[in-house]
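Participant: In the UniProt record's numbering, the protein residues as written are 1 to 757.
Every residue gets a Cβ at the ideal spot worked out from N, C-alpha and C, and that includes glycine.
Please find one structure pasted underneath; my questions will follow.
Encoded structure:
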């Protein structure tokens, strides 16, 4: 360090530089070596080339008498000035390693200040010769003495400014910090935000489902009340008597009555919470909202896994969850429950390290995701076979194509051979086995139902009755707020509009069409998606497809087990919607990528002016259009409340009147205790139940009472308000003398007890 430059930087050093003219002697604590390496020379040693510290005889004599006072004053004043200047203008340097600096910071500051002051003086003394050389040793010793006095008496004025040692946090604080970081990372993760956003969006898009969840239900009071009973029964019987799962309390005395329609068994855990009709309604409404959320989330993560940008994935999720055709299925929870399909495909793709953007990446393989994907697929099957059977064959097709492709490349060495891995192999083997086992266990009771009720099999004529025409894919259901009224006349041309108004969305059609030409997907992938759209529409048309379905749906119906249990081919529109959603996601992703590129090309000033804000904002327009097209006008009727007598009567019993729609309400009422009831409504009507319904129109008489005794039915509940004007009206007040019946009235209910003979 140059002594001259340091003097120029420190104004306080100038008076010290002129001390050679005053009686006070110069004080030298350390000196730099002649080599200029910055290391201190030996204390009290004169260096002629560097300039030794000199003083005349008089100053030397006075030095001893003033040493203590002078050194103390100089150390304090010089340290203060020097420290202030250094703190303001110079960076912090490492401390000196000599004895003085390592022991006392104040003495180091004083020494550095006096070094700066004695540099010029030493040079002048060198020019005068060796006049003060004889006194050098004494002066050095005196300086050392003064420094030692400073160490004893001086206090560091800047001690309070020294850095405080960083406190080591306690174990509890470290644990709290780790937990906080983990929670923050979880809450801020894309998947967490997508899941929470899906639920919030579903609550808004399905409103007012959650406004009065204990009294109202979406669409109507028929199928939804049946499905509310199904979830309640599954939760109840699995916690009380799992062996009787398939022999439900409804449709007495028929066996396997729980398998008379899609069971929604996968929702049984929710059925374990609460009991009674009110809990069943609340449960149903919550699940109704969550299935829209799961459909959105499943399609979102699938699109993201395949390589779509977030905005494109949002479009895919919105299209898959809120397609207009789904609004027409608001009363069919088993048809709406499709989120597990997309979610399972996303997990399986992630576990295998596959995406459309990057292809197969072995370093991204995760066997845990593969196993999770198979488990989600198994859960999806447990909800029902109406949507599940096509999903089973779709997975089987994917497995076969993947295995053949990988095996061909591996054996023929075509392309680059890429490892599969034993962990992945066993994850697929184990997961596939679980999936097959669940499917088999679910299929067994349905096969038993077909064995006992052969007429339950769906005939080709019935499939033709529910097969939609091509125009049905361009007609909206009445529950569509945007298009429902506009297509009223068009729906009148359909033979069964509830299953034939299958519009995926006009905005979705447009985005998917654009995705054929501008997309983040490769051309070959777009072509395969187009093939998927056309192929699934052809299959969904059933007997209205190519060659009257002979080369499409009917071929599957005759060749593949399970398809003969599906009544409506039009529900394959699920797959049509998924392919369209992925095409749309590719188009929106390409647009979003272009918006990002435009923003990246802007200068810093243009970015500050938000020049790229509007292109990025424009990527949200497709999202808003798809969601706007998915708004609904679904009615939410009030569900009839159960008569008080239903909570006290003992089964087996029959409630009159009895027909399919009202019996579904009775099934909901029976969730209060689950007594055995003759009533029941489902996908088909057992012949013995239909015969009993017709016979009971003559109740009470000898024939009906005898039939009740024969079947073990001891109680008949007549709901007066429902029986008035129906074929069962005479049961309200007909004479019962000599029939072996007792009759009591409880509010709106007329209660009959069959006496034993």
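1. Who are the Cβ neighbours of residue 729 in its own chain at under 8 Å, not counting the five residues just before and after it?
2. DSSP on residue 725, reduced to helix/strand/coil?
3. CB-CB under 6 Å to residue 655, same chain, minus the five flanking residues each way: which ones, in chain order?
4. Looking at the secondary structure, which residues open and close the beta strand (DSSP E) in which residue 455 lies?
5. Buried or exposed: residue 492, going by 16 or more other Cβ atoms within 10 Å of its Cβ?
6. So what's residue 475 in DSSP terms, helix, strand or just coil?
7. Put residue 517 into one of helix, strand or coil per three-state DSSP.
8. Could you pull out every residue in the same chain whose Cβ sits closer than 6 Å to the Cβ of residue 734, ignoring the five residues on either side in sequence?
9. On a Cα-Cα basis, can you pick out the residue from 677, 515 and 683 that is closest to residue 711?
10. Would the segment 538-548 and the segment 463-470 be scored as touching if the rule is three or more Cβ pairs under 8 Å?
11. How far does the beta strand (DSSP E) with residue 758 in it extend, from its first residue to its last?
12. Compare the Cα-Cα distances from residue 631 to each of 483, 190, 388 and 457 and report the closest residue.
13. In terms of residues, what are the limits of the beta strand (DSSP E) holding residue 656?
14. Hey, quick one: how far does the beta strand (DSSP E) through residue 753 stretch, first residue to last?
15. What's the call for residue 368, buried or exposed, on a 16-neighbour Cβ count within 10 Å?
16. Skipping 5 residues on each side, what residues in its chain have a beta carbon closer than 6 Å to that of residue 232?
17. Once DSSP output is grouped into helix, strand and coil, what is the label at residue 257?
18. Just to check, is the beta-carbon of residue 341 closer than 7 Å to a non-hydrogen atom of the ligand ATP?
19. Per DSSP, residue 632 is paired with what?
20. Within its chain, find whatever has a CB closer than 8 Å to the CB of residue 481; leave out the 5 residues flanking it on each side and keep chain order.
21. I'd like the list of long-range same chain contacts for residue 169, defined as Cβ closer than 8 Å, with 5 residues on each side in sequence excluded.
22. Compute the beta-carbon to beta-carbon distance between residue 238 and residue 268, rounded to the nearest angstrom, for a pair I have assumed lies under 8 Å.
23. Between 587, 640, 403 and 642, which lies nearest to residue 619 when the distance is taken from Cα to Cα?
24. Which residue's Cα is closest to the Cα of residue 433: 409, 378 and 389?
25. Please identify the residue among 498, 695, 642 and 293 whose C-alpha is closest to the C-alpha of residue 225.
26. Should the segment 485-503 be regarded as contacting the segment 522-532, the criterion being three or more beta carbon pairs within less than 8 Å?
27. Checking the sheet assignment: what are the DSSP bridge partners for residue 337?
28. To the nearest angstrom, how far is the alpha carbon of residue 533 from that of residue 576?
29. Hey, residue 247 and residue 261 are a contact pair by Cβ (cut 8 Å); roughly how many whole angstroms apart?
30. Any idea what DSSP makes of residue 360, helix, strand or coil?
31. So, under 8 Å CB-CB, residue 266 and residue 297 are touching, yes? Tell me the CB distance rounded to an integer number of Å.
32. Taking the alpha carbon of residue 302 as the reference point, which residue from 354, 461, 704 and 685 has its own alpha carbon closest?
33. Where does residue 209 fall in DSSP's three states?
34. Under a Cβ-count criterion, where at least 16 other Cβ atoms within 10 Å of its own Cβ denotes burial, should residue 558 be classed as buried or exposed?
35. Which one of 173, 277, 381 and 472 has the shortest CA to CA distance from residue 443?
36. For a test of the three-state rule: what should DSSP assign to residue 311, helix, strand or coil?
Facilitator: This is what the structure holds:
1. Around residue 729: 723.
2. DSSP, read as helix, strand or coil, puts residue 725 in coil.
3. Same-chain partners within the cutoff: 666, 679 and 717.
4. Looking at the DSSP string, residue 455 is not in any beta strand (DSSP E), and its letter there is neither H nor E.
5. By the Cβ neighbour-count rule, residue 492 is exposed, with fewer than 16 other Cβ atoms within 10 Å of its own.
6. Correct three-state label for residue 475: coil.
7. Under the three-state reduction of DSSP output, residue 517 falls in the coil class, being neither helix nor strand.
8. So the list reads 700, once near-sequence residues are dropped.
9. Measuring from the Cα of residue 711, the nearest candidate turns out to be 677.
10. Yes, the segment 538-548 touches the segment 463-470.
11. The question about residue 758 has no answer, for the chain in this structure spans 1 to 757.
12. When only C-alpha atoms are compared, the closest one is 483.
13. Taken as a continuous stretch (DSSP letters only), the beta strand (DSSP E) holding residue 656 covers 653-656.
14. Counting along the chain, the beta strand (DSSP E) containing residue 753 begins and ends at 749-754.
15. So residue 368 counts as exposed.
16. Excluding sequence neighbours, residue 232 sits near 271, 280 and 671.
17. In the structure shown, residue 257 sits in a helix (DSSP, three-state: H, G or I).
18. This structure does not include the ligand ATP; it has no bound ligands of any sort.
19. DSSP, once it has assigned bridges, lists 480 as partnering residue 632.
20. Excluding its 5 nearest sequence neighbours in each direction, residue 481 has C-beta neighbours in its own chain below 8 Å: 631, 632 and 633, listed in chain order.
21. Here the set comprises 177.
22. The pair is a contact, with the Cβ atoms about 6 Å apart (cut-off 8 Å).
23. For residue 619, the closest C-alpha among the options 587, 640, 403 and 642 is that of 587.
24. The shortest Cα separation from residue 433 among 409, 378 and 389 belongs to 378.
25. Comparing alpha carbon positions, the residue from 498, 695, 642 and 293 closest to residue 225 is 642.
26. Three or more Cβ pairs closer than 8 Å define a contact, and the segment 485-503 falls short of that threshold against the segment 522-532.
27. Residue 337 has no beta-bridge partner at all, per DSSP.
28. Cα to Cα, residue 533 sits roughly 5 Å from residue 576.
29. Going by Cβ atoms, the distance from residue 247 to residue 261 rounds to 15 Å, so no, they are not a contact pair.
30. Residue 360: strand per DSSP, three-state reduction.
31. Contact check for residue 266 and residue 297: beta-carbon distance about 16 Å, past the 8 Å limit, so the pair fails to qualify.
32. Proximity to residue 302 across 354, 461, 704 and 685 peaks at 354, based on C-alpha coordinates.
33. Residue 209 falls in the coil class under three-state DSSP.
34. By the 10 Å Cβ count, residue 558 comes out exposed.
35. Of 173, 277, 381 and 472, the smallest CA-CA separation from residue 443 is found for 381.
36. Residue 311: helix per DSSP, three-state reduction.
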